[in-house]
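Protein chains in written order, with the UniProt record's numbering: chain A, 1 to 296; chain B, 1 to 621. Notes to accompany the following structure.
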Amino acid sequence: MDVSLFQQIPQFVVSGLTHGSIYALIALGFCMVQNATGIVNFAQGDFVMLGALMAGTLLKKLGVPMAAALAGAVLFGALCGLALERGPLRHARHRHVLVLVMITVGVSISVRGASMLVWGKNVHALPPLGRETPIMVGSAAIVPQVLWIIGLSLLILGLLYAFYRHTLLGKAMRAAADNPYGAVLMGISVPKVTALAFGMAGSMGALAGTLIAPLTSMSYSGGLMLGLKGFSAAILGGYGSAMGAVFGGYVLGLLESFGAGFLSSAYKDAFAFIILLAVLFVRPAGLFGSERVRRL
Amino acid sequence: MRSLPLVPKAWKPLLCLAISLGLTAFLLPNDYFFVLFNIMALNALVVLGLNLLIGCAGQISLGHGAFFGLGAYSSAIVTTQLHWPLWAGLAVALAVTALFGIALAVPTLRLEGHYLVMATLGFNIIVSIGLNQMEPLTGGPSGLAAIPGMHLGPWALDTDRRFFFFAWSVFLAVFAGVLNLEDSRIGRALKAIHDKELTARTLGVPTPRYKVQVFTLSAMLAGLAGFSYAHYMTFISPSTFDIFYSVQVITMVVVGGLGSLWGGLAGTVILTSLRELLHAMEDFQVLVYGLLLTLSLVFFPQGLLPAALNAFWRAGHRTPSRSMSGPSSPKDDARSIYGSGFRALSPSTRKPDSSKAKNIGETPVLRVANLSVQFGGLQALAHVSFSVHSGEIVAVIGPNGAGKTTLLNAVSGLVRFTEGHVAVRDVDVSRRPAHEVARTGVGRTFQAVQIFEHLTVLENLMVGMHHFGRSRFLQAMAHTLKERREEKELRRRAMELLEETPLAALAHEPAATLSLFQQKLLEMLRALAMEPAVLLLDEPVGGCSPNESRALMDWIATHQRVGMGMVLVEHDMNIVMAYATRVVVLHHGRVLAEGAPLAIQKDPRVIEAYLGRGRRGAGQP
């Protein structure tokens, strides 16, 4: 028993990194919205679900080629993010943060309800990218999709890093997040930057959905759990820190995969939330975040 | 009627509700409607708890489904598997929900609002998974059956009709209690916390404890509802207590109006009935709840029901809005302060030092020793020492960024200091939480005025008197005679304080309608209401006209005669020179000079700090 468990360690690592990449993408979406508006976007998980289901529809019902279906799904996610910001959130923008957060909860539930009507209650699958036959590395079997997931997410993370550090627009977004009033004075259009953040968060979520769906399949209610795990990852890394979100995503993925393997697979889904509560208990600023000073 | 315990001030609508419920019982045609009403009563209990949490403490929980479930399961488990009596089941249900409530609240309530939303949501998921997976204990996904039915002593509440009376009586009693709580010293403090938490702390309100208590109370109400549900249905399964239930009750709260207790009841009635109507088209249920939640938050933030009532009201009467007809202009107030016996000599004609020195006491009311504050790598304050004697006004001056406000924050317990001691009336308050420092005798005002805008002028003052009261949550809910007497006394004292000020006529106006000058006055009155040993004034006349400034300062200075010590942070040198008995000059977080105003004015080091040294110093960073 023990020996076989130890033999599975490489498998756990691969699985942890795979899910970790997905959590990292979702956590980044949370992070972007947090930095642009200071609110937690509960609908982030539903972008994931919408991306996966939309890609499936484009691929199977409309016969669009794979790459175009993925691009379409990502675009759809971006539009959904924009719609959320342009619609209910912009309409209520002067309300208390808590009300805005609850609006995203309401949107999340509505999206879930609407998706149930559109796509039904069944589970939908997506064909994987590349071949289906696993590659054996030592004792671990790696499905090509896993490599796609890890590779694509690392690429996106790298691009984002470059975007935030080295482009004017990226710097404007960071400035608007840091001090919206100051950003306005510098001629940055905060509403545009906010909309862009939501659009990017939406596409990031949709991408995560299209990447994970071939492995786990997706249903109308699947976004909730993924979204919350992404949030846990963001909290773990330090809420609002992009580096932290990525790191938190991978740590959470690995913890979850090892926890399920060594402790109990029945409670696999609970680990993320136990970690979430533990972080909030012990170090609310997360691993990378800094304690925010409240001012009068 | 109003003198009886447990009877709230607004007993008439409550009585109407009770009577109409009693009549309803005879009008309901069949058991199906009784079931609907019974579920409604239990939902209403959960919503009541949530509303208390939101309306008073400004926190939202998305995990009340879990508390509902914990209450149901813990009682069901001990009564079926251990064969404990029903009352023990109730006790266990309340204890379990209270324990989980505290465990969840203590760490998360330190954080800002939306963390609690996430933490409670995560908690709800963990509980759902636990209920599904712990099969030996909970029966797993197929649930627990054969739970003993509800009974009150020898009376079995085994029919839907009998349970109707039980459930609604419990609800009405709890409702009365929560209405009482809202209308008490604790309720005021909770509203103050919702409005401006840090300010409430500096007035002696133990905010962390209250927040934990209100969250625990709210969790226990859900637990009570869960207990009743389990023994009413005699069968429970985990799917009843998942996140969707939490979302449903939140939607009820939102539709009824966040924090409005009566609105919450209406929201419960509407949405519980809606759920039954939607039963036929179950697939639409999720969408409808989601849209209701979103739309009412976006378009009717005060709730669908209050919005409808407002529209109805406006159609009926066309009255001018309240803010238009309210307070007089600030100039009049300045004059009325002069006219009401507060007039002192104008600064130019008074002889500062001789008149001021008289009443200064022997022992210091505030002693700051060797105080250092560090923000990361920045040394904001370094080894600051000074003391304030009773009857003394010590001005703290210094260029911007010298650390004046940081000093006040450190003294009042809002900023942690790395080194040093602060003693109030010889009691060491170093590193004590802000509310304890306040209770020891430190009152303060803020650079940017901090009043509780949702409370009336009188209520603002009564928050300042919070630490004089003794009644706690349970006494407040029961509205005991003692609590009532205390409340009356606090009210009388607050009125007395208001009497000779221009705010007397505005006692029952919402504080948000006051002018800046009036708000400054109210903030000072509120600090005085604490009867502090030392009063910290952070730019008390900033933003006021010269006339207003003098009026305000003359009036506040009268309090030094009764032995209060004051720390005055002010930029206006005329004010400092006219009113201070001593001046402490801060520069780069250090005490540069200390002494009588006239001496400070001539001190070359002070002049240098303010105006610079000329060419030689200019080149240095």
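By construction, the Cβ of each residue, glycine as well, lies at the ideal position given by its N, Cα and C atoms.
### Query
Going by C-alpha distance, which of A:V74, A:P65, A:E85 is nearest I39 of chain A?
Taking the first residue of the first sequence as position 1, residue 39 of chain A is located at position 39. The shortest C-alpha separation from I39 of chain A is found at A:E85.
### H435 of chain B - DSSP class collapsed to helix/strand/coil
Here residue 435 of chain B corresponds to residue number 435 of the second sequence, with the count starting at 1. DSSP places H435 of chain B in helix when its eight states are reduced to three.
### Task
Just the chain A side, please: which residues come within less than 9 Å of T108 of chain B by C-beta, in chain order?
Mapped onto the second sequence, residue 108 of chain B falls at position 108. Correct list: L277, L280, F281, P284.
### Endpoints, beta strand (DSSP E) assigned at M136 of chain A
On the first sequence, position 136 is the one that residue 136 of chain A refers to. Residues 135-137.
#### Entry: Proximity winner among B:H467, B:G259, B:Q518, relative to P532 of chain B (alpha-carbon distances)
Walking along the second sequence from the start, residue 532 of chain B turns up at place 532. If we check each option's Cα against that of P532 of chain B, B:H467 comes out closest.
### Query
Tell me, which residues are paired with L292 of chain B by DSSP?
Sequence index remark: in the second sequence, residue 292 of chain B carries index 292 (1-based). BP columns for L292 of chain B are empty, so no partner.
### Task
Check F417 of chain B in the structure and name its three-state DSSP category.
Numbered from 1 along the second sequence, position 417 holds the residue referred to as residue 417 of chain B. In this structure, F417 of chain B counts as coil in the three-state DSSP scheme.
#### Entry: Straight-line Cα distance separating Q59 of chain B from Y115 of chain B
Locating residue 115 of chain B in the second sequence gives position 115, where the first residue counts as 1. Locating residue 59 of chain B in the second sequence gives position 59, where the first residue counts as 1. Whole-angstrom Cα-Cα distance: 10 Å.
### Query
By the 10 Å Cβ neighbour count, where 16 or more other Cβ atoms means buried, how is G16 of chain A classified, buried or exposed?
Counting from 1 along the first sequence, the entry for residue 16 of chain A is found at position 16. Classification for G16 of chain A: buried.
### Query
Is it buried or exposed for G187 of chain A, if we count other Cβ within 10 angstroms and need 16 for buried?
Here residue 187 of chain A corresponds to residue number 187 of the first sequence, with the count starting at 1. It counts as exposed.
### Query
Are V365 of chain B and V396 of chain B closer than 9 Å when you measure CB to CB?
Working through the second sequence from its first residue, we reach residue 365 of chain B at position 365. Working through the second sequence from its first residue, we reach residue 396 of chain B at position 396. Cβ distance not < 9 Å, so V365 of chain B and V396 of chain B don't count as in contact.
### Query
Of the residues that make up the segment 115-130 of chain B, which ones have a beta carbon closer than 8 Å to any beta carbon in chain A?
Y115, V117, M118, A119, L121, G122, F123, I125, I126, I129, G130
### Query
Anyone know if the C-beta pair for residue 634 of chain B and A222 of chain B falls short of 9 Å?
Because chain B here runs from 1 to 621, residue 634 of chain B falls outside it and cannot be looked at.
### Query
Is there at least one Cβ from chain B nearer than 9 Å to R165 of chain A's Cβ?
Locating residue 165 of chain A in the first sequence gives position 165, counting from the first residue. Closer than 9 Å: no.
### Task
Write down the C-beta distance between G205 of chain A and I26 of chain A rounded to the nearest angstrom, noting that I regard them as a contact closer than 8 Å.
Mapped onto the first sequence, residue 205 of chain A falls at position 205. Mapped onto the first sequence, residue 26 of chain A falls at position 26. I26 of chain A and G205 of chain A do touch by the CB rule: their CB atoms are close to 6 Å apart, below 8 Å.
### Extent of the continuous alpha helix (DSSP H) to which A369 of chain B belongs
Position 369 of the second sequence, counting from 1, holds the residue named residue 369 of chain B. From DSSP, A369 of chain B is part of no alpha helix (DSSP H) but of the beta strand (DSSP E) over 364-375.
### Query
Nearest-angstrom Cα distance between E276 of chain B and V46 of chain B?
Numbered from 1 along the second sequence, position 276 holds the residue referred to as residue 276 of chain B. Numbered from 1 along the second sequence, position 46 holds the residue referred to as residue 46 of chain B. Distance between the alpha carbons of E276 of chain B and V46 of chain B is about 19 Å.
### Task
Give a yes or no on whether the minimum CB-CB distance between Q133 of chain B and chain A is below 9 Å.
Start at 1 with the first residue of the second sequence, and residue 133 of chain B comes out as number 133. Closer than 9 Å: yes.
### Task
Determine contact between the segment 33-50 of chain A and the segment 77-92 of chain A, defined as no fewer than three beta-carbon pairs at a distance below 8 Å.
Yes, the segment 33-50 of chain A touches the segment 77-92 of chain A.
### Message
Restricting to Cα atoms, I'd like to know which of B:L528, B:G543, B:T418 is closest to R439 of chain B.
### Response
Taking the first residue of the second sequence as position 1, residue 439 of chain B is located at position 439. That would be B:L528, whose Cα lies nearest to the Cα of R439 of chain B.
### Query
Would F175 of chain B pass as a contact of L381 of chain B if the rule is Cβ separation under 9 Å?
Indexing the second sequence from 1 puts residue 175 of chain B at position 175. Indexing the second sequence from 1 puts residue 381 of chain B at position 381. Contact: no.
### Helix, strand or coil at F235 of chain B according to DSSP, with G and I counted as helix
If you number the second sequence from 1, residue 235 of chain B lands on position 235. DSSP places F235 of chain B in coil when its eight states are reduced to three.
### Query
Which of the three DSSP states, helix, strand or coil, is assigned to A423 of chain B?
What you label residue 423 of chain B is simply residue 423 of the second sequence in a count that begins at 1. Strand, per DSSP.
#### Entry: Near-chain B residues of the segment 253-267 of chain A - C-beta to any C-beta below 7 Å
Residues passing the 7 Å Cβ filter: A266, Y267.
### Query
So is H19 of chain A in contact with chain B if we call contact Cβ pairs under 9 Å?
Here residue 19 of chain A refers to the residue found at position 19 when the first sequence is read from its first residue. Chain B, which has no Cβ nearer than 9 Å to the Cβ of H19 of chain A, makes this no.
#### Entry: S189 of chain A versus I103 of chain A: straight-line alpha-carbon distance, rounded
One-based indexing of the first sequence puts residue 189 of chain A at position 189. One-based indexing of the first sequence puts residue 103 of chain A at position 103. About 24 Å.
### Task
At 4 residues or longer, and completely inside the segment 124-163 of chain B: list those alpha helix (DSSP H) runs for me, N to C.
135-138
### Message
Counting C-beta neighbours from all protein chains within 10 Å, is the total for residue 634 of chain B 16 or more, i.e. buried, or is it exposed?
### Response
With chain B covering only 1 through 621, there is no way to say anything about residue 634 of chain B.
### Task
Taking only beta carbons into account, state which residues of the segment 279-299 of chain B come closer than 9 Å to chain A, listed in chain order.
D283, F284, Q285, V286, L287, V288, Y289, G290, L291, L292, L293, T294, L295, S296, L297, V298, F299
### Query
Tell me which same chain residues have a C-beta within less than 6 Å of the C-beta of P320 of chain B, skipping the five on either side of it?
Taking the first residue of the second sequence as position 1, residue 320 of chain B is located at position 320. Confidence at P320 of chain B is low in this model, with a pLDDT of 41, below 50, so its placement is unreliable and the value that follows should be read with caution. Nothing listed; no residue qualifies.
#### Entry: Inter-residue spacing [alpha-carbon to alpha-carbon] between H166 of chain A and L155 of chain A
For the purposes of this step, residue 166 of chain A is taken as the residue at position 166 of the first sequence. For the purposes of this step, residue 155 of chain A is taken as the residue at position 155 of the first sequence. About 16 Å.
### Task
Pull up the CB-CB distance for G87 of chain A and L287 of chain B, whole angstroms please, since I reckon it's below 8 Å.
Taking the first sequence and counting its residues from 1, one reaches residue 87 of chain A at position 87. Taking the second sequence and counting its residues from 1, one reaches residue 287 of chain B at position 287. Actually they do not touch by this definition, with Cβ atoms about 16 Å apart.
### Message
At a CB distance below 7 Å, what residues from the segment 582-604 of chain B approach chain A? Give them in sequence order.
### Response
none
### Query
On the premise that G230 of chain A lies in contact with M218 of chain A, defined as a C-beta separation below 8 Å, what is that separation, rounded to the nearest angstrom?
Locating residue 218 of chain A in the first sequence gives position 218, where the first residue counts as 1. Locating residue 230 of chain A in the first sequence gives position 230, where the first residue counts as 1. Actually they are not in contact, since the Cβ atoms of M218 of chain A and G230 of chain A sit about 15 Å apart, beyond 8 Å.
### Task
Note down the Cα distance separating I556 of chain B from M566 of chain B, rounded to an integer number of angstroms.
Here residue 556 of chain B refers to the residue found at position 556 when the second sequence is read from its first residue. Here residue 566 of chain B refers to the residue found at position 566 when the second sequence is read from its first residue. Roughly 10 Å between the two C-alpha positions.
### Task
Would you give the residue range spanned by the beta strand (DSSP E) that A141 of chain A belongs to?
Start at 1 with the first residue of the first sequence, and residue 141 of chain A comes out as number 141. It spans 140-142 - the beta strand (DSSP E) in which A141 of chain A sits, taken as one unbroken run.
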